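Just below is one structure, and these are the notes that go with it.
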Amino acid sequence: ALTNAQIAALTITQINSLNSGDIGEFLAGQVAAFTATQVAGLSETNVNDLNETQIAALTTTQIAALKTTNAHALADTQIAALSETQVAALTTTQIAALDETDISEFAATHIGALTTSQIQAISATNLAAFADTQVAALTAAQLGAITATKLAGLDETQVGAFTTTQMAALSTGQLAAFNETNLSALADTQVAALSATQVRAFTTTQLNSLQTGDFAEFTTTQIAGLNTTQIAGLNETSIGALSDAQIAAMSISQLQSMLAANVHALNATQVAGITTTQISAFKTTQINALDADDIAEFSADQIANMTTSQIKAFDATKLAALDDSQVAALTNSQLAAITTTNISAFTATQMAALTLTQMGAFTAQQIAAFSDANLAALDITQIAALSTTQAKAITATLMAALAANDVAEFTATQLAALTTSQIAALSSTNVTALADTQIAALTATQISKIGTEAFAALEAAQIDTLNTTQVRALSATQIAALNATDVAEFTDTQLGALTTTQIAAWSSDVIDNLTVDTIAALQVTQIPSFTTTQLDHLSTTNIANFNATQLYAFTSTQVASLDGDQIEAYLAAI
């Protein structure tokens with residue numbers, strides 16, 4: 005057998021003249037004796053004739069000396085015979101010369117043995133030919149050596165083969181190069197392995213390319229790590245894919261960066277995930293984008309934690325969308341922030357849901373902006389909760405539109421605070437609905453401003469409650485509107501309190517139908533008040549009902565105006 009020295013002395017020509025049988029006879033030690041120059045000169049045929057044992061005997065120097073064509077020509081069994089050390093000895097030129105088939109022949113252990121320089125020498129095409137097991141064998145250092153462009157060439161099966169350790173090793177530049185196919189191939193465990201820094205590397209285009217299920221794979225920490233540009237760039241579909249827990253994990257700045265249209269796109273479950281701290285952070289432009297259905301999804305606690313600026317941004321439609329529990333949750337400050345333009349949007353059901361404390365929060369301007377339906381929807385306790393300032397703010401138009409039962413709900417104190425314009429606006433129905441205590445609470449000035457028809461509509465029991473000050477405050481116009489029946493309802497004290505001007509204002513109907521009791525209640529000082537026109541309607545029967553003292557109180561002018569029958573009755577009664 006040839007010695008190692010003899011083998012080393014063989015020329016390239018001599019070696020290449022050997023046939024496969026000759027090559028196969030070399031022992032492993034003899035093969036290892038070949039010089040680098042001899043190995044470099046081997047023909048492709050001779051290299052292919054080397055058996056697995058001989059291949060395994062090659063030194064790292066010999067491996068590095070192989071021509072690129074010979075390295076490319078290695079059979080799968082030969083490649084399988086290479087040790088990790090031998091594989092690591094391949095030059096980058098040799099690696100670059102390999103094709104997809106060659107690469108596929110490397111075992112996972114071979115892949116793991118490659119240096120970062122060798123990894124960088126692998127072409128994009130060859131890298132794309134990696135089997136799942138080869139991909140999974142890549143170390144963190146090897147992954148880091150792969151360019152973003154090459155990494156983007158991996159298919160979804162290969163990307164799906166990445167271990168969580170490998171995922172955590174990817175650079176932000178590599179992640180930014182992932183295409184839609186790459187991203188959609190990631191499993192929840194792979195996504196969860198990404199750091200917040202890595203997640204921030206995704207472009208909005210990448211994020212929006214994710215499937216609904218992909219978003220569900222992000223942890224709350226990762227969601228909280230997204231920057232405001234990413235959040236602002238998410239489309240409605242992407243936002244809609246977030247869970248309530250993910251929404252709740254967002255920072256204030258993230259929420260505020262969300263497009264108004266995306267806030268509108270939040271579903272009921274997502275809205276429920278918004279914390280009370282978050283709710284107060286929404287910008288008014290975002291609030292403006294909400295519709296009635298969106299508003300209905302907020303809880304009472306969320307509504308109560310909105311800022312006054314947010315509530316002020318509610319238009320009439322949004323306000324009308326609040327349910328009873330949401331209305332009852334509004335704070336006094338929030339209620340006071342509602343514009344006068346929108347306050348009338350409250351429905352009867354919503355008005356009825358207001359607490360007594362809330363009633364006291366309305367400003368005078370808001371009260372003045374109430375609609376008929378708003379005021380009519382309030383019950384007796386709610387009306388009673390209004391301050392005198394609030395009561396005075398009710399417009400005359402609203403007062404005129406009140407139903408009888410609405411007026412009956414005002415307290416005596418509130419009624420006494422009403423302006424003369426409000427009192428004048430009360431209808432006959434309103435006035436007749438007033439209780440005795442309410443009538444008694446009216447000031448003399450207020451009494452004088454009750455409309456003539458309304459005053460004439462007062463019932464006997466109501467008339468009876470008027471005190472002498474109130475009676476004397478009645479205007480001549482009010483008195484003139486009374487008929488005989490109305491006057492008959494006055495008590496003796498009330499009749500006796502009438503001024504001469506009021507007596508002179510009695511209508512002819514009253515004079516025509518004076519009762520015995522009414523005449524008897526008249527004071528001597530009131531008698532001269534009768535006008536000659538009134539005396540024309542004084543019947544002889546009624547003249548006879550005056551007592552002598554009253555008759556003696558007639559003035560000469562009054563007596564002179566009496567006709568013959570009246571004079572006869574007058575003289576007979578004296």
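The numbers in the working numbering rise by one with no breaks, and the one at position 319 of the sequence shown is 323.
Ideal placement from N, C-alpha and C gives every residue a C-beta, glycine not left out.
As the structure is a prediction and not an experimental result, all values here were calculated from the model.
Item: Phe-558 to Ala-480, Cα distance in whole Å?; Value: 22 Å
Item: Grouping DSSP H, G and I as helix and E and B as strand, with all else coil, what is Thr-176?; Value: helix
Item: For Thr-64, collect the residues of the same chain with a Cβ closer than 8 Å to its Cβ; drop the 5 residues on either side in sequence, then sort them by chain order.; Value: Thr-89, Gln-90, Ala-92 and Ala-93
Item: In terms of residue numbering, what span does the alpha helix (DSSP H) encompassing Arg-476 cover?; Value: 472–476
Item: Compute the distance between the beta-carbons of Ile-299 and Leu-263, then report whether it is under 9 Å.; Value: no
Item: Going by the beta-carbon positions, is the gap between Thr-288 and Asn-309 smaller than 9 Å?; Value: no
Item: Looking at the structure shown, is His-114 part of a helix, part of a strand, or coil, going by DSSP?; Value: helix
Item: Find out if the Cβ-Cβ distance for the pair Ala-12, Gly-33 is shorter than 9 Å.; Value: no
Item: Which stretch, first to last residue, makes up the alpha helix (DSSP H) that contains Ile-299?; Value: 296–300
Item: Considering only their Cβ atoms, is the gap separating Leu-78 from Asn-52 smaller than 9 Å?; Value: yes
Item: Considering only C-alpha positions, which residue in the set Ala-135, Ala-117, Thr-151 and Leu-179 is nearest to Ser-127?; Value: Thr-151
Item: Any idea what DSSP makes of Ile-278, helix, strand or coil?; Value: coil
Item: Under three-state DSSP, which class holds Met-254?; Value: coil
Item: Name the two residues that bound the continuous alpha helix (DSSP H) containing Ile-443.; Value: 440–445
Item: Which one of Gln-530, Val-514 and Ala-508 has the shortest CA to CA distance from Ala-492?; Value: Val-514
Item: Measuring only the C-alpha atoms, how far is Leu-179 from Gln-66?; Value: 39 Å
Item: Sort Thr-39, Gln-306 and Thr-473 by Cα distance to Ile-16 and report the nearest one.; Value: Thr-39
Item: Just mark Gln-450 as buried or exposed, buried being the case when its beta carbon has 16 or more other beta carbons within 10 Å.; Value: buried
Item: In angstroms, rounded to a whole number, what distance separates the CA positions of Gln-386 and Leu-358?; Value: 8 Å
Item: Straight-line CA distance for Ile-467 to Thr-367?; Value: 35 Å
Item: Suppose you measure from the CA of Asn-212 to the CA of Ala-132; what does that come to, to the nearest Å?; Value: 25 Å
Item: Using C-beta distances below 7 Å, list every residue in its chain close to Gln-506, excluding the 5 sequence neighbours before and after it, in chain order.; Value: Leu-478, Ala-480 and Ile-483
Item: Starting from Ala-587 and walking both ways along the alpha helix (DSSP H), at which residues does that stretch end?; Value: Since the first and last residues shown for the chain are 5 and 578, residue 587 lies out of range.
Item: Roughly how many angstroms separate the alpha carbons of Gln-370 and Ile-454, rounded to a whole number?; Value: 26 Å
Item: Give the secondary structure of Met-403 by DSSP, where H, G and I count as helix, E and B as strand, and everything else as coil.; Value: helix
Item: Measure the beta-carbon distance from Val-195 to Phe-166 and round it to whole angstroms, keeping in mind my assumption that it falls under 8 Å.; Value: The pair is not a contact, with the Cβ atoms about 11 Å apart (cut-off 8 Å).
Item: Quick one: grab the DSSP three-state call for Lys-154.; Value: helix
Item: Out of Pro-532, Ala-573 and Ala-75, which one is the CA nearest neighbour of Thr-544?; Value: Ala-573
Item: Let me confirm a value: Glu-457 is counted as buried when at least 16 other C-beta atoms fall within 10 Å, else exposed. Which label applies?; Value: exposed
Item: Count the other CB atoms, across all protein chains shown, that sit within 10 Å of the CB of Ile-347; report buried if there are 16 or more and exposed otherwise.; Value: buried
Item: DSSP state of Glu-29, grouped into three classes?; Value: coil
Item: By Cβ distance, which residues of its chain are closer than 6 Å to Gln-98, with the 5 residues on each side in sequence left out?; Value: Thr-72 and Ala-75
Item: Can you name, in chain order, every residue of its own chain whose Cβ lies under 7 Å from the Cβ of Ser-432, other than the five neighbours on each side?; Value: Glu-457, Ala-458 and Ala-461
Item: In the DSSP assignment, find the unbroken alpha helix (DSSP H) run with Ile-571 in it and report its ends.; Value: 568–577
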